[in-house]
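**Student:**
Protein chains: 2
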Amino acid sequence: MKNQPDKKTTQSDGEQAILEAAESLFAQKGFDAVSMSAIARLANTSKPNIYHHFKNKNDLYLAVMKTAVQRSSALLDALEDTPGTFEQRLTGFSAGQLHNILDHKRSTQLILRETLSEDSPQGQEITRLVMGEVFNRLVEMVHQGQQSKEFRDDIDPTLAAFVIVSTNMFFFQASPAMQHIPEAEFIDDAATYSRGVMDVLVNGMLQRGDS
Amino acid sequence: MKNQPDKKTTQSDGEQAILEAAESLFAQKGFDAVSMSAIARLANTSKPNIYHHFKNKNDLYLAVMKTAVQRSSALLDALEDTPGTFEQRLTGFSAGQLHNILDHKRSTQLILRETLSEDSPQGQEITRLVMGEVFNRLVEMVHQGQQSKEFRDDIDPTLAAFVIVSTNMFFFQASPAMQHIPEAEFIDDAATYSRGVMDVLVNGMLQRGDS
DNA sequence: ATACTTACCGACCGTTCGGTCAGTTTACGA
DNA sequence: TCGTAAACTGACCGAACGGTCGGTAAGTAT
Chain A
39 MKNQPDKKTT
49 QSDGEQAILE
59 AAESLFAQKG
69 FDAVSMSAIA
79 RLANTSKPNI
89 YHHFKNKNDL
99 YLAVMKTAVQ
109 RSSALLDALE
119 DTPGTFEQRL
129 TGFSAGQLHN
139 ILDHKRSTQL
149 ILRETLSEDS
159 PQGQEITRLV
169 MGEVFNRLVE
179 MVHQGQQSKE
189 FRDDIDPTLA
199 AFVIVSTNMF
209 FFQASPAMQH
219 IPEAEFIDDA
229 ATYSRGVMDV
239 LVNGMLQRGD
249 S
Chain B
39 MKNQPDKKTT
49 QSDGEQAILE
59 AAESLFAQKG
69 FDAVSMSAIA
79 RLANTSKPNI
89 YHHFKNKNDL
99 YLAVMKTAVQ
109 RSSALLDALE
119 DTPGTFEQRL
129 TGFSAGQLHN
139 ILDHKRSTQL
149 ILRETLSEDS
159 PQGQEITRLV
169 MGEVFNRLVE
179 MVHQGQQSKE
189 FRDDIDPTLA
199 AFVIVSTNMF
209 FFQASPAMQH
219 IPEAEFIDDA
229 ATYSRGVMDV
239 LVNGMLQRGD
249 S
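So the protein lines, in turn, are chains A and B. Under the numbering used here, read the first sequence as residues 39 to 249, first letter to last. Under the numbering used here, read the second sequence as residues 39 to 249, first letter to last.
#1: Answer yes or no: do residue 60 of chain A and residue 102 of chain A have a C-beta to C-beta separation smaller than 7 Å?
#2: Does DSSP put residue 69 of chain B in a helix, in a strand, or in coil?
#3: Quick one: list the residues of chain B neighbouring residue 218 of chain A, beta-carbon separation under 8 Å, in chain order.
#4: Against chain A, does residue 266 of chain B count as a neighbour if the rule is that its beta carbon must be under 7 Å from one of theirs?
#5: Against chain B, does residue 214 of chain A count as a neighbour if the rule is that its beta carbon must be under 7 Å from one of theirs?
#6: Go through the region 140-174 of chain A residue by residue and report every complete run of the alpha helix (DSSP H) that reaches 4 residues or more, in order.
#7: Taking C-beta pairs closer than 9 Å, name the residues in chain B that residue 205 of chain A reaches, listed in chain order.
#8: Pick helix, strand or coil for residue 117 of chain B, following the three-state DSSP scheme.
#9: Does DSSP put residue 236 of chain A in a helix, a strand or coil?
#10: Would you call the region 111-131 of chain A and the region 162-180 of chain B touching, i.e. three or more CB-CB distances under 8 Å?
#11: By Cβ distance, which residues of its chain are closer than 7 Å to residue 77 of chain B, with the 5 residues on each side in sequence left out?
#12: Under 8 Å between beta-carbons, which chain B residues line up against residue 70 of chain A? List them in chain order, please.
#13: Name the DSSP beta bridge partners of residue 244 of chain B, please?
#14: Just to confirm, is the Cβ distance from residue 219 of chain A to residue 132 of chain A under 7 Å?
#15: Measuring only the C-alpha atoms, how far is residue 119 of chain A from residue 217 of chain A?
#16: Keeping to the same chain, check which residues put their C-beta closer than 8 Å to that of residue 148 of chain B; ignore five residues upstream and five downstream.
#17: Kindly say whether residue 249 of chain A, judged by its beta-carbon, lies nearer than 7 Å to any beta-carbon of chain B.
Following this line, the structure appears as structure tokens:
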């Protein structure tokens, strides 16, 4: 008997190895730049065996994307709201999202690549699926914060949400490159970065009259 | 006599057509996913003719990158500081940078791709060259704003600069994808977006005591 | 043992890749 | 008008691409 005679999708060891190899390579180089031979090599198997498990390259890519999207959704669902003021909730959520991103760089890279790729048919759907969820929760928080008079009500909640997502995503994308810019020490400490960004977003950069 | 018997780099019509075709395709799909045949086709010439002007694919790519970086630098140099408070200078600079980006999408896409690509040898250099300049000017503005007591001095200037660059770059990257998310109307109006972002960054999201 | 399924592989297919070669056309100065 | 150099091309190369073929090894139910 198998270890997990779960459902139809039992997903043997070999298949899992192929999926992981493919995820890693697709995330690094993108669809076109990765060959089936390279995936087979990394998965310690043969090219025909990949075609035994997946009907073609695109099917494999779709399977990889699907698991990445599922993981991303699960991560977001598990990210419960910080209690407290809306400032605290927003800050907590943003920090949690950044933490998730950095904890699952391959999935994030993959999804981000697909989302930003333009000429992808399923790009739209993935955008709505993955970004949409994050987006809606942030928009809702800002909106509630406005209704409770904690936040200024002349701010576009979707814009505020977009800025938060932007800073997290671009931090993730740029952190390898920023390693070579000595002034940017914050790049090595995501928690500090997140705190700093949210401090600026919430309190602004301007000197206040009182302390 | 030629039109422009300028320097050594006279750059004939054909060569220019090749460079433009290559820039367009490389920006859209990336190095690996673009074939020399496709470039030749788009440039209305033959593949061997490309090899007459450039010694190989990588050399062509480098030539394309070089012109893109030069254009980007020239654009930045031409972006003079807005006069006024540091808030106004920062806001003006950010809006100008975003305007430049959207006015030269192909170059920006190309440079951004290279900067964020990780396994690129010249990626570091381009990062320092292109991002570094923008970065330094922003950092300097924030720093001066702090010394003149206009900005809070407990903010990391490099972090503030990074946030401004992030929001501009991610806006550029995500705007095609955000087209399909109806709530995000701001995505169609870069000037409004820029104003909104800088308003939040400078003034914060919190409700103030006074008006 | 038999029969069937799943996992797997070496060898190969047609096509396209980056790149080359031999040769033709074009432009221009002498 | 001629010579020469640059601009350009069709035909081709070995290698690598995505994908397929026939077949083997191992487990399992009968």
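We treat Cβ as the ideally placed atom computed from N, Cα and C, and that holds for glycine. Given the structure is predicted, the values throughout are model-derived calculations rather than measurements.
**Tutor:** On the basis of the supplied data:
#1: yes
#2: coil
#3: 162, 165 and 166
#4: What is shown of chain B runs 39 to 249, which leaves residue 266 of chain B out entirely.
#5: yes
#6: 143-153 and 161-164
#7: 200, 201, 204, 205 and 208
#8: coil
#9: helix
#10: no
#11: 56, 59, 60, 63 and 88
#12: Chain B residues near residue 70 of chain A: 67, 68, 70 and 71.
#13: A:189
#14: The Cβ atoms of residue 219 of chain A and residue 132 of chain A do not sit closer than 7 Å to each other.
#15: 32 Å
#16: 61, 64, 65, 102, 103 and 106
#17: Here residue 249 of chain A scores only 40 on pLDDT, less than 50, and its place in the model should not be relied on; the value that follows carries that caveat. Closer than 7 Å: no.
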